[in-house]
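Chemist: Keeping their order, the protein sequence lines are chains P and U. Letter by letter, the first sequence follows residues 1 to 147 in this note's numbering. Letter by letter, the second sequence follows residues 1001 to 1398 in this note's numbering. Just so you know, even glycine gets a beta-carbon here, dropped at the ideal spot from N, CA and C.
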Amino acid sequence: MDQNIRRTIILDNYEHPFNRGIPQSNDYIKHNSNNVSCIDNLDLYIKIKDNIIEDIKFEGEACVISISSTSIMIQNLIGKSIPEALDIIKNYQNMINEEPYNEEKLKDAIVYNDIYKQPSRKKCATLSINGIEEVLKEYLKKEEPKN
Amino acid sequence: MNREDFPMLKDDIIYFDNGATTLKPYQVKEAIIEYYDHYTANAHRGDYAISAKVDNIYEGTRHKIKELINANEDSEIVFTSGSTQSMNYIIFGFFAHKLQKDDEVLITVSEHASNILPWFVIAKQIGIKVKYIELDENYNVTIENVKKAITPKTKVISLAHITNVIGDIRPIKEISELAHQKNIYMVVDAAQSIAHKKIDVTDWNIDFLVASAHKMYGPTGIGFLYGKFNLLEETIPQNYGGGMNAMFTKEGYYELREVPTRFEAGTPNIEGVIGFNAAIEYINNIGISKIEKYEHELKTYLVEELKKLDFVEIYNPNTIGTTVAFNLKGVFAQDTAIYLDKYHICVRAGSHCAKILSDALKINNTCRISLSFYNNKEEIDLLINVLKNSKNIWKEIL
Ligand SMILES: Cc1ncc(COP(=O)(O)O)c(C=O)c1O
């Protein structure tokens, strides 16, 4: 991928992140993702209805990779069913960990396909995505017995 | 100065994270290798020459520490794994037994976690209260604010001599004098100061003091606890086993050895003590007052140069220690650190384990530079140049 395009996409999402802010309504599930090395700290707000992710917002202080990857990935996830979202997340994690993945499912998130070259930044690139995955899996666990 | 003694500096790095740990002069490594190559033996088993040699160096190091901080007796020095263990040792081994419900311990929001969390734990266990001395606008502890914070319930004041985030220096002697007028114990965390300033536990009338060798050019995993002898006599050992007992019977009767040996159960970190010994010798050879003077000049130069850059925000321009906390305006601290790392400049980004300080600073994360005597003006000039080019930061790190 062209380095200039990569940089432009990341910076766009860092300087003008999608859906940054705290939701007004209380039908969001809140999850805090922070990095134990005690620096990145993001709150995620996820709204799920009928197993569809209706919205995700986030707020907090974090580095360029954490913020931009959150912004890009929530755009990929909104509107998806939980299984679809988990599949996208899995593909994303595989990309970060240098395992086989489907590029088409990741859209702009492929800008992080070389992040493995900076091992210390892998954590930044997966901070909020792992948090979202956790929330979705918890949600499924709670919902399943009812179905 | 003395750069030639530090092999790490030959690797083309600029090391500005001395608050986290210092580099080691080759003399420390060689002392440790000498032990493994020529007199490996356990301590306190001395029926043969090399074991006696181990004992000599082990106890000789205790004596060097006693001299360094001007304690009264060698037996007031206990070897531990470092500041954190020392702090836990006195809080759980002494204060947990000495303090009662509603007694108050005074700390500040800029203490290291190891001077906060153990107090929280005994607060839960026995109901003591942890209270905070207010910081002034430069994040300093003033004697007036200490006076304001003291109540008839105050039993302990526990402070870092120099803090790890802001690097401010506390007027320990004055605070300690005030404390003792009111029968308050004075505990000092000297982790950040001992390699940079003269410490005098007798003149300052300190009850307990802790430090780590790795922040004073020595190895990791070794440090010490100083306690006034009569207070150590009242301290309950936290580990039981070999080396610390005088005798025991099968019925369960036991007698412990004297202070400080009763606090050093098990085979000690001998290589650590031997490396520590070499490190103290190294510091003594330069002289702590010479170190202090040089580092102060260097820090003043760094702040002056940083002030010339209008896109840099300095959070502690007026503190005296060797630490500068700053951010590039509009750039997250970690991104700045990663950018500097491209030029092999090591600075720390984060909240520096003083998590509750972020409320006081109103910002969560900063880049921290903490200097040592082996840093120099050329390194600072290089840093300033790299910062001047930080318009390119995204090109460089993305
Ligand atoms: C002020 C202060 N106290 C205590 C400690 C803990 O030292 P150690 O990790 O060596 O136990 C540190 C280390 O960063 C420190 O800066």
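#1: For Asp1017/U, verify whether its CB is less than 7 Å away from any heavy atom of ligand 1.
#2: What residues in the region 13-25 of chain P have a beta carbon less than 9 Å from any beta carbon of chain U?
#3: Kindly list the residues whose CB is nearer than 6 Å to the CB of Leu42/P, restricted to its own chain and excluding five residues on each side of it in sequence; keep chain order.
#4: Leaving out the 5 sequence neighbours to the left and right, which residues in its chain are closer than 6 Å to Gln1334/U when beta-carbon positions are compared?
#5: Indicate the three-state DSSP secondary structure (helix, strand or coil) for Lys1131/U in the structure shown.
#6: Can you confirm whether Glu59/P, when its beta carbon is compared against all beta carbons of chain U, has any partner nearer than 8 Å?
#7: Any heavy atom of ligand 1 closer than 7 Å to the Cβ of Gly79/P?
#8: Would a check of beta-carbon distances place Lys1395/U closer than 8 Å to chain P?
#9: Taking 7 Å as the cut-off, is the CB of Thr1235/U close to at least one heavy atom of ligand 1?
#10: For His1112/U, count neighbouring Cβ atoms within 10 angstroms of its own Cβ and tell me buried if that reaches 16, exposed if not.
#11: Starting from Leu1340/U, find everything on chain P with Cβ-Cβ shorter than 9 Å and list it in chain order.
#12: Would the beta-carbon of Lys1197/U be found less than 7 Å away from any heavy atom of ligand 3?
#13: Is Cys63/P helix, strand or coil when you go by DSSP?
#14: Residues of chain U with CB closer than 8 Å to the CB of Leu11/P, please, in chain order.
#15: Quick one: what's got a C-beta closer than 6 Å to Ser66/P's C-beta in the same chain, skipping five residues either side?
#16: Below 7 Å, is the gap between the Cβ of Thr1163/U and the nearest heavy atom of ligand 1?
#17: What are the boundary residues of the beta strand (DSSP E) that Arg1038/U is part of?
#18: Counting along the chain, where does the alpha helix (DSSP H) carrying Val1273/U start and finish?
#19: To the nearest angstrom, how far is it from the Cα of Glu1234/U to the Cα of Ile1077/U?
#20: Determine which residues of the region 104-119 of chain P have a Cβ less than 7 Å from any Cβ of chain U, and write them out in chain order.
#21: Mind reading off the beta-carbon distance from Lys80/P to Ile53/P? Whole number of angstroms is fine, and I expect it under 8 Å.
#22: Go ahead and pull the three-state DSSP assignment for Cys1353/U.
#23: Do Ile48/P and Ile89/P come within 8 Å of each other at the CB atom, strictly closer than that value?
#24: Which full runs of the alpha helix (DSSP H) of 4+ residues lie inside the region 1084-1165 of chain U, going along the chain?
#25: Would you kindly check if the distance between the Cβ of Tyr1253/U and the Cβ of Pro1025/U is under 8 Å?
#26: Compute the Euclidean distance between the alpha carbons of Cys1353/U and Glu1396/U, then round it to the nearest angstrom.
#27: Can you find a heavy atom of ligand 1 that lies under 7 Å from the Cβ of Gln1192/U?
#28: Does Gln1334/U have its Cβ less than 8 Å from a Cβ in chain P?
#29: Does the beta carbon of His1296/U fall short of 7 Å from some heavy atom of ligand 1?
#30: Whole angstroms is fine: what's the gap from Lys30/P's alpha carbon to Ile1143/U's?
#31: Might you give, ordered along the chain, the residues of its own chain that have their beta carbon closer than 8 Å to the beta carbon of Lys1342/U, omitting 5 neighbours on each side?
#32: Following a CB-centred definition, is Thr1084/U positioned closer than 7 Å to any heavy atom of ligand 1?
#33: Under 8 Å by Cβ, that's how I've got Ala1041/U and Ile1050/U pegged, so tell me the actual separation to the nearest angstrom.
#34: Could you name the residues of the same chain whose beta carbon sits closer than 6 Å to that of Lys105/P, not counting the 5 residues immediately before and after it, in chain order?
#35: Quick test of your reading: Tyr1301/U and Lys1391/U, contact by CB under 8 Å. State the CB separation rounded to the nearest angstrom.
Modeler: Reading off the structure:
#1: The count along the second sequence starts at 1 and reaches residue 1017/U at position 17. Incorrect: Asp1017/U has no Cβ contact closer than 7 Å to ligand 1.
#2: Tyr14
#3: The count along the first sequence starts at 1 and reaches residue 42/P at position 42. Cβ within range, chain order: Ser33, Phe58, Gly60, Ala62 and Ser128.
#4: Translated into positions along the second sequence, residue 1334/U becomes position 334. Excluding positions up to five away in sequence, the list reads Ala1349.
#5: The residue labelled residue 1131/U in the question sits at position 131 within the second sequence. Three-state result, Lys1131/U: strand.
#6: For this step, residue 59/P is matched to residue 59 along the first sequence. Taking Cβ atoms only, chain U never reaches closer than 8 Å to Glu59/P, which makes this a no.
#7: Residue 79/P sits at position 79 when you count from the first residue of the first sequence. Not under cutoff, so the answer is no.
#8: The residue you call residue 1395/U lines up with position 395 of the second sequence. Yes, contact with chain P.
#9: Taking the second sequence and counting its residues from 1, the one referred to as residue 1235/U is at position 235. Thr1235/U Cβ: outside cutoff for every heavy atom of ligand 1.
#10: Within the second sequence, residue 1112/U is the residue found at index 112, counting from 1. So His1112/U counts as buried.
#11: Counting from 1 along the second sequence, the entry for residue 1340/U is found at position 340. Neighbours of Leu1340/U on chain P: none; closest Cβ ~14 Å, over 9 Å.
#12: Ligands present in the displayed structure are limited to ligand 1, and ligand 3 is not among them.
#13: Locating residue 63/P in the first sequence gives position 63, where the first residue counts as 1. Here Cys63/P sits in coil by DSSP.
#14: Position 11 of the first sequence holds residue 11/P. Neighbours of Leu11/P on chain U, chain order: Trp1394 and Leu1398.
#15: Residue numbering aside, residue 66/P sits at position 66 when the first sequence is read from its first letter. Same-chain partners within the cutoff: Asp40, Cys124 and Leu127.
#16: Mapped onto the second sequence, residue 1163/U falls at position 163. Yes, the Cβ of Thr1163/U comes within 7 Å of a heavy atom of ligand 1.
#17: Translated into the one-based positions of the second sequence, residue 1038/U becomes position 38. Sequence check: residue 1038/U is His here, not Arg. No beta strand (DSSP E) contains His1038/U, which is instead part of the alpha helix (DSSP H) from Tyr1026 to His1038.
#18: Locating residue 1273/U in the second sequence gives position 273, where the first residue counts as 1. Looking at the DSSP string, the run of the alpha helix (DSSP H) that includes Val1273/U is Ile1270 to Ile1286.
#19: Here residue 1234/U corresponds to residue number 234 of the second sequence, with the count starting at 1. Here residue 1077/U corresponds to residue number 77 of the second sequence, with the count starting at 1. Cα to Cα, Glu1234/U sits roughly 15 Å from Ile1077/U.
#20: none
#21: In the first sequence, the residue the question calls residue 80/P occupies position 80. In the first sequence, the residue the question calls residue 53/P occupies position 53. That belief holds up - the Cβ atoms of Lys80/P and Ile53/P are roughly 6 Å apart, short of 8 Å.
#22: The residue you call residue 1353/U lines up with position 353 of the second sequence. Below a pLDDT of 50, predicted positions are generally treated as unreliable, and Cys1353/U, at 46, falls in that range; the measurement from the model is reported next regardless. Looking at Cys1353/U - three-state DSSP - the assignment turns out to be coil, as it is neither helix nor strand.
#23: Here residue 89/P refers to the residue found at position 89 of the first sequence. Here residue 48/P refers to the residue found at position 48 of the first sequence. Their beta carbons are not under 8 Å apart, which means Ile89/P does not touch Ile48/P by this criterion.
#24: 1117-1126 and 1143-1149
#25: In the second sequence, the residue the question calls residue 1025/U occupies position 25. In the second sequence, the residue the question calls residue 1253/U occupies position 253. Against a cut-off of 8 Å, the Cβ pair of Tyr1253/U and Pro1025/U comes out as no contact.
#26: Position 353 of the second sequence, counted from the first residue, corresponds to residue 1353/U. Position 396 of the second sequence, counted from the first residue, corresponds to residue 1396/U. Only weak support is given to the placement of Cys1353/U: the predicted model assigns it a pLDDT of 46, under 50, and the value that follows is read from those uncertain coordinates. Distance between the alpha carbons of Cys1353/U and Glu1396/U is about 28 Å.
#27: Indexing the second sequence from 1 puts residue 1192/U at position 192. Yes; taking the cut-off as 7 Å, the Cβ of Gln1192/U has a heavy atom of ligand 1 nearer than that.
#28: For the purposes of this step, residue 1334/U is taken as residue 334 along the second sequence, with counting starting at 1. It does: the Cβ of Gln1334/U has a partner Cβ on chain P nearer than 8 Å.
#29: In the second sequence, residue 1296/U corresponds to position 296, counting from 1. His1296/U: no, Cβ never under 7 Å from ligand 1.
#30: Within the first sequence, the letter at position 30 stands for residue 30/P. Within the second sequence, the letter at position 143 stands for residue 1143/U. Using only the alpha carbons, I get a separation of about 43 Å.
#31: Your numbering for residue 1342/U matches position 342 in the second sequence. Same-chain partners within the cutoff: Glu1396 and Ile1397.
#32: Position 84 of the second sequence, counting from 1, holds the residue named residue 1084/U. The answer is yes for Thr1084/U.
#33: Sequence index remark: in the second sequence, residue 1041/U carries index 41 (1-based). Sequence index remark: in the second sequence, residue 1050/U carries index 50 (1-based). The pair is a contact, with the Cβ atoms about 5 Å apart (cut-off 8 Å).
#34: Against the first sequence, residue 105/P aligns to sequence position 105. Closer than 6 Å at Cβ, skipping near neighbours: Ile88 and Asn91.
#35: In the second sequence, residue 1301/U corresponds to position 301, counting from 1. In the second sequence, residue 1391/U corresponds to position 391, counting from 1. Between Lys1391/U and Tyr1301/U the Cβ distance is about 24 Å, and since that is not below 8 Å, they are no contact.
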